[in-house]
Structure formats: structure tokens, C-alpha cells
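**Student:** Got a structure for you, questions after.
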Amino acid sequence: MRGTQSATAETGEREAEGAHRSLSARLLVFTMLAVMLAEVLIFVPSIARFRHEWLVDKLETAAVAGLASADPDDPATLSPAEGILSSDQQADLLEALDARLIAVSGRGSTRLIARDPSLSAIDETLVVDEEGPIDMIGRAFAELFTGGEQTLRVLGPVGDGRFRMEVVLEDGKLRRDMLVYSRNIFFLSLVVAAIAGLCLWAFLRAILIRPIQRLTTAMLRFGERPSDPNRIIKPSFRDDEIGIAERELAAMQTRLAETLREQRHLADLGLAVSKINHDLRNILASAQMISDRLSTLPDPRVQRIAPMLLKSLDRALHYTQSVLAYGRAVEAKPNRWQVDLHQIVCDVRDLLSLGNEEAEIEFVNAVPQGFELSVDPEQIHRLLTNLCRNAVQALQSDEMEGIGIVRRLTIGVEPSMKDRASGEVLIFVEDTGPGLPTKARENLFQAFRGSARSGGTGLGLAIAAEIVEAHGGRIDLANLDAPGARFEITLPTSIGEREEGEKRTENEGR
1 MRGTQSATAE TGEREAEGAH RSLSARLLVF TMLAVMLAEV LIFVPSIARF RHEWLVDKLE
61 TAAVAGLASA DPDDPATLSP AEGILSSDQQ ADLLEALDAR LIAVSGRGST RLIARDPSLS
121 AIDETLVVDE EGPIDMIGRA FAELFTGGEQ TLRVLGPVGD GRFRMEVVLE DGKLRRDMLV
181 YSRNIFFLSL VVAAIAGLCL WAFLRAILIR PIQRLTTAML RFGERPSDPN RIIKPSFRDD
241 EIGIAERELA AMQTRLAETL REQRHLADLG LAVSKINHDL RNILASAQMI SDRLSTLPDP
301 RVQRIAPMLL KSLDRALHYT QSVLAYGRAV EAKPNRWQVD LHQIVCDVRD LLSLGNEEAE
361 IEFVNAVPQG FELSVDPEQI HRLLTNLCRN AVQALQSDEM EGIGIVRRLT IGVEPSMKDR
421 ASGEVLIFVE DTGPGLPTKA RENLFQAFRG SARSGGTGLG LAIAAEIVEA HGGRIDLANL
481 DAPGARFEIT LPTSIGEREE GEKRTENEGR
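Now the structure itself:
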């Protein structure tokens with residue numbers, strides 16, 4: 001079994017490590033994709049700007065070459081009829097500028113600087129100083145995807161704007177330069193995305209992934225052996241969500257370890273009880289036989305005590321037969337009889353030796369004589385005995401030492417409930433003791449946690465609560481202004497409520 005748990009834990013740790021590696025890889029890829037997306041958004045206006053500047057540079061280069069061969073202040077040199085470049089010079093200039101035509105306009109005239117004789121049709125005319133941002137982006141992407149075989153006529157101002165240049169060129173060189181620029185931007189974006197992704201990945205791994213891995217590892221180690229307190233995670237001093245998760249996990253593991261320890265104690269208790277149950281029944285059976293013989297003695301005192309002793313032994317034998325019922329966390333289904341509640345309270349008083357004159361505790365049976373109730377007599381007897389025994393222990397504690405302190409234990413029914421017109425009956429057990437401490441109030445009716453005294457187990461109140469639930473009722477601790485404790489037991493009296501409570505108890509048992 002231990003080997004299986006260890007193998008399972010090792011498998012879980014390997015899966016957790018693989019999950020963390022996968023999470024780290026996904027985080028890195030996501031970061032790089034985010035940076036690449038940002039680069040793409042930057043690339044859109046960037047490529048449009050590159051195309052615009054490429055055309056402007058072409059116009060300015062043509063202006064420098066063209067205007068260098070003429071005197072801009074002499075209108076005669078700008079006359080179309082006065083060509084100053086030979087045909088070979090024009091061919092060299094056009095080849096150097098990768099153009100088909102170069103012309104300059106200014107001061108109301110236009111001068112043709114160079115022209116390719118084979119130039120025929122022009123596919124598109126571009127005026128660079130009239131393009132808006134949307135036009136620039138649209139034409140840039142059109143050039144990238146469909147360009148390369150068009151003849152463009154490019155117009156635009158140069159210098160201080162007194163002259164405008166006209167250049168006719170093939171767009172193949174423009175498209176190639178744009179593709180080279182796009183390729184460079186792409187590789188640069190990859191480098192930037194990788195560097196930014198690695199930096200962000202390292203940062204997030206340090207502040208997020210590793211703490212999550214620590215939480216996962218702590219849960220796996222604790223799940224392997226939750227009884228080991230050394231496997232409870234030690235929270236860090238972080239005040240963010242990770243720190244809150246660590247502290248909550250540590251608190252949850254601590255509570256779970258305490259719960260498991262209590263359950264293990266319960267299991268050990270059940271095992272011990274099962275071992276001694278057989279021998280205890282034999283001892284009680286022997287004691288019962290002796291008591292039967294004592295009941296035949298003619299001594300009046302024996303005749304008065306013997307019935308009480310026999311009844312107590314019968315009840316003890318019954319307890320030993322049903323003692324394992326608590327280990328199954330279910331009370332037996334109530335075997336209801338019409339009983340005299342006043343008489344049951346008297347039996348509880350005699351069992352606890354509170355009915356004699358030497359008793360230090362005043363016992364008040366406030367249940368009216370002849371008050372009948374349809375309940376399981378044995379379970380109700382156990383219920384009242386557990387509550388009264390706790391009250392007696394509280395009244396006999398060191399806190400109650402002193403002259404004139406009233407020690408009183410009262411069992412009764414509410415006067416307003418005597419007619420039971422509401423379909424319920426309220427039984428109360430009240431004492432004048434020191435009351436319940438805060439810890440006992442917070443864990444009331446919880447075994448091993450709801451004890452009101454040091455060294456107690458809290459099983460009495462836990463058993464009492466189960467008995468009341470089996471009868472379809474409820475038990476509460478009333479708030480008192482004066483010192484003491486008052487338990488109020490509300491039981492249904494109608495058939496419908498009774499059957500509904502028993503059905504609820506059976507469903508909880510399943």
C-alpha cells in the first residue's frame with residue numbers, strides 16, 4: 001500500500017513538473033507572439049513610411065542631377081527647346097537613377113531633363129505631397145502584393161518647394177527594396193520578440209511559475225503523507241495573491257491534518273472497543289447473574305437497590321451491543337414507545353446518585369408527572385444522562401468552590417409546550433454552573449473538539465446530537481444572561497414530522 005502511494009506520488013510529481021514545463025513553454029510562446037503582434041502593428045505604418053521616403057528620395061536625387069545641368073535662375077535653360085544633355089548623357093542619367101523620364105517644373109515652365117525614347121504608357125500617377133496616411137498604407141501593401149511590373153509617374157516638390165520634380169520609373173526596384181526592408185524588419189522583430197519574451201518569461205517564472213510549482217509540490221507531498229506536520233507548506237512573506245494562496249493552503253493542510261488525526265483516534269477507539277466488547281459483555285452478564293441472586297434476599301435495603309442495579313446492568317449490556325454504532329457514524333433507528341418522561345428523568349437522577357439527601361447538587365425534575373412522549377426510551381435516557389453528567393462535572397469543578405454557591409440541575413419542559421399544540425415539545429436541561437467556554441461553543445456537538453473541560457472528549461454532546469437528529473428534532477445551546485448552561489431539545493410530536501426526521505436520518509446514514 002505504501003509502495004503504491006509512493007509510486008502515485010512520484011507519478012504526480014512528474015506530471016506536475018511536466019505541466020510546469022508546459023506552462024513555462026506556453027508562457028514563452030505567448031510572450032513572443034504578443035511582441036510579434038506589436039511588431040506587426042508597428043510594421044504597417046513603417047512600410048508605408050518607407051515607400052513614401054523612397055519616392056521622395058528618388059525625386060530629390062533626380063532634382064540634384066537635373067538641376068546641376070542647368071541654371072535655375074535662367075529661364076532660357078529651363079526651356080524645353082533648349083536641351084543641354086546629349087542623348088548619351090540622358091541615357092546614362094536615366095540608367096543611374098533607374099528612371100524612364102526626368103523633368104523639372106518651376107516659375108511657370110517645365111524642362112525635360114532626360115527621357116527614354118521607348119517610354120510609352122504610364123500605369124499610375126503618384127503625387128507624394130497629396131497622399132494621406134490611409135492612402136500611403138493602402139498603396140504600400142498594394143505594391144508589396146501586386147506591384148513590380150508597373151510604370152509609375154511620381155510628382156512632388158523638392159528643396160524649399162519652388163521646384164517640382166517629375167520622375168517616371170518602373171516599380172520593380174521599389175518593390176524589391178520594400179521586400180528587403182520587410183525581411184529585415186521580420187528578423188529584427190524575431191530577435192526583439194525573443195529577447196523580450198525571454199526577459200518577461202524569466203521574470204514571470206520567478207514571481208509566478210516557481211511559486212505555483214512550490215504550491216503544487218507542497219500539495220503532492222502533503223497528499224502522500226498528510227499526517228506528517230513537516231509536509232505542511234511554510235508560507236512566504238508575500239502579500240499578493242500567491243502569498244494569500246500559500247497561507248490559505250497552510251491553514252487548510254493544518255485543519256485537514258487535525259481532522260485526520262482525530263479520525264485516526266476514533267478508528268483506534270473503535271478498534272479498542274471492539275476488542276474489549278466481548279469480554280465486557282461476559283463480565284456484565286456475570287454481574288447480572290449475581291444481581292439476580294441478590295434480588296432474592298429478603299433484606300429491605302437490598303430489595304430497594306437491586307432493581308436499580310439490575311436496570312443499570314441491563315442498560316450496560318445493551319450499550320455494549322450497540323457501542324460500535326457510533327463508529328459507523330449513525331445512530332440506530334429509534335424504537336418508539338409511549339413513555340413517561342417524568343419517570344425517565346427520575347431514573348437519570350437515581351443513576352447519577354442525585355436523589356439522596358447527601359448529594360451536593362440539587363436536582364429538580366420539572367417535568368410534570370404523567371407527561372407522555374413518543375420516543376425511544378433507551379436513546380432518550382442516554383441523551384439526558386450525557387447532558388446531566390456534563391452538568392454534574394461542571395457543577396463539581398474547581399470554579400464552583402465557595403460558600404453559598406448554588407449547585408442546581410433542572411430538567412423540564414416549557415410550560416407553553418405542555419399542550420403541544422404547535423406539533424413540537426421542548427425539553428430543557430439547565431444548570432447553574434460556570435457555563436461553556438468559547439472554544440466549546442465554537443465546536444459544539446463535535447467529537448474531540450467540543451469538550452468543555454480539560455481531558456474531555458466531547459463524545460457526550462456528539463452522541464446527544466445524533467440521538468436528537470435520529471428523532472427528527474434539534475438541540476441548541478440557549479443564550480443565558482446568568483452563569484450556567486441551558487440545552488434545549490425540540491422534538492416533533494406529529495406523525496408526519498416524526499417520519500420525516502427518521503427518513504432524513506436514514507438518508508444521512510446511507
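Sequential numbering from 1 applies to the sequence shown in UniProt numbering.
Virtual Cβ for every residue (Gly too), placed ideally from N, Cα, C.
1) Look at the Cβ atom of Gly370, then the Cβ atom of Gly435, and state whether they are nearer than 9 Å.
2) Given a cut-off of 9 Å on the beta-carbon distance, is the pair residue 582 and Pro211 in contact?
3) Answer with buried or exposed for Pro492, where buried requires no fewer than 16 other C-beta atoms within 10 angstroms of its C-beta.
4) At a cut of 8 Å, does the region 161-179 reach the region 36-55 through at least three beta carbon pairs?
5) Suppose contacts are defined by Cβ-Cβ distances below 9 Å. Is Ile233 in contact with Ala140 by that definition?
6) Note down, in chain order, each residue of its chain lying with its Cβ closer than 6 Å to the Cβ of Met136, except the 5 sequence neighbours on either side.
7) Give me the Cα-Cα distance between Val367 and Pro334, rounded to the nearest whole angstrom.
8) Spell out a yes or no on whether the region 113-122 and the region 180-193 are touching, meaning 3 or more CB-CB pairs, one atom from each, closer than 8 Å.
9) Could I get the ranges of all uninterrupted alpha helix (DSSP H) runs contained in the region 99-175, with 4 residues as the minimum, in chain order?
10) Can you tell me whether Glu399 is buried or exposed? The criterion is at least 16 other CB atoms within 10 Å of its CB, across all chains shown.
11) Does the beta-carbon of Lys58 have 16 or more other beta-carbons within 10 angstroms, so that it is buried, or is it exposed?
12) Give the DSSP bridge partners of Ser374, in chain order.
13) Could I get the ranges of all uninterrupted alpha helix (DSSP H) runs contained in the region 204-283, with 4 residues as the minimum, in chain order?
14) Can Glu360 and Arg407 be called in contact, C-beta distance under 9 Å?
15) So Leu444 is in the beta strand (DSSP E); what residue range does that whole segment cover?
16) Can you list the alpha helix (DSSP H) stretches of 4 or more residues lying completely in the region 173-204, in chain order?
17) Tell me the residue span of the alpha helix (DSSP H) that contains Ala96.
18) Apart from the five residues just before and just after Gly473, which ones in its own chain have a Cβ nearer than 7 Å to its Cβ?
19) Hey, Phe445 and Ala462 are a contact pair by Cβ (cut 8 Å); roughly how many whole angstroms apart?
20) Could you check the C-alpha separation between Pro235 and Phe222 for me, to the nearest Å?
21) Assign Arg100 to buried or exposed, taking buried as 16 or more other Cβ atoms, counted over all protein chains shown, within 10 Å of its Cβ.
22) DSSP state of Ala34, grouped into three classes?
23) Give me the DSSP bridge partner(s) of Ile427.
24) From this set, Arg205, Leu477, Thr151, which residue's C-alpha is nearest Arg441's C-alpha?
25) Measuring CA to CA, which of Gln379, Leu260, Ile134 is closest to Ala470?
26) On the three-state DSSP scale, how would you describe Asn386?
27) What are the partner residues of Arg407, as DSSP defines its beta bridges?
28) Return helix, strand or coil for Val364, following the three-state DSSP convention.
29) Check Leu477 in the structure and name its three-state DSSP category.
30) For Gly66, which of Asp240, Ala245, Ile113, Leu383 has the nearest alpha-carbon?
31) Counting only the same chain and skipping the five closest in sequence on each side, list residues whose C-beta sits under 8 Å from that of Trp201.
32) Is the CB-CB distance between Glu143 and Arg153 below 9 Å?
33) Can you name, in chain order, every residue of its own chain whose Cβ lies under 8 Å from the Cβ of residue 513, other than the five neighbours on each side?
34) Just mark His381 as buried or exposed, buried being the case when its beta carbon has 16 or more other beta carbons within 10 Å.
35) Using CA atoms only, rank isn't needed, just tell me which of Arg336, Leu409, Pro45, Ala394 is closest to Ile134.
**Tutor:** Result, derived from the coordinates:
1) no
2) Only positions 1 to 510 of the chain appear in the structure, and residue 582 is not among them; the question remains open.
3) buried
4) yes
5) no
6) Ala48, His52
7) 22 Å
8) no
9) 133-146
10) exposed
11) buried
12) Gln338
13) 210-224
14) yes
15) Counting along the chain, Leu444 falls outside any beta strand (DSSP E), and DSSP gives it neither H nor E.
16) none
17) 87-97
18) Ile489, Thr490, Leu491, Pro492, Gly501
19) 6 Å
20) 14 Å
21) buried
22) helix
23) Val413, Ile489
24) Leu477
25) Gln379
26) helix
27) In DSSP, Arg407 forms no bridge with anything.
28) strand
29) strand
30) Ile113
31) Ser24, Leu27, Leu28, Thr31
32) no
33) One cannot answer for residue 513 here, as it falls past the ends of the chain, which runs 1 to 510.
34) buried
35) Pro45
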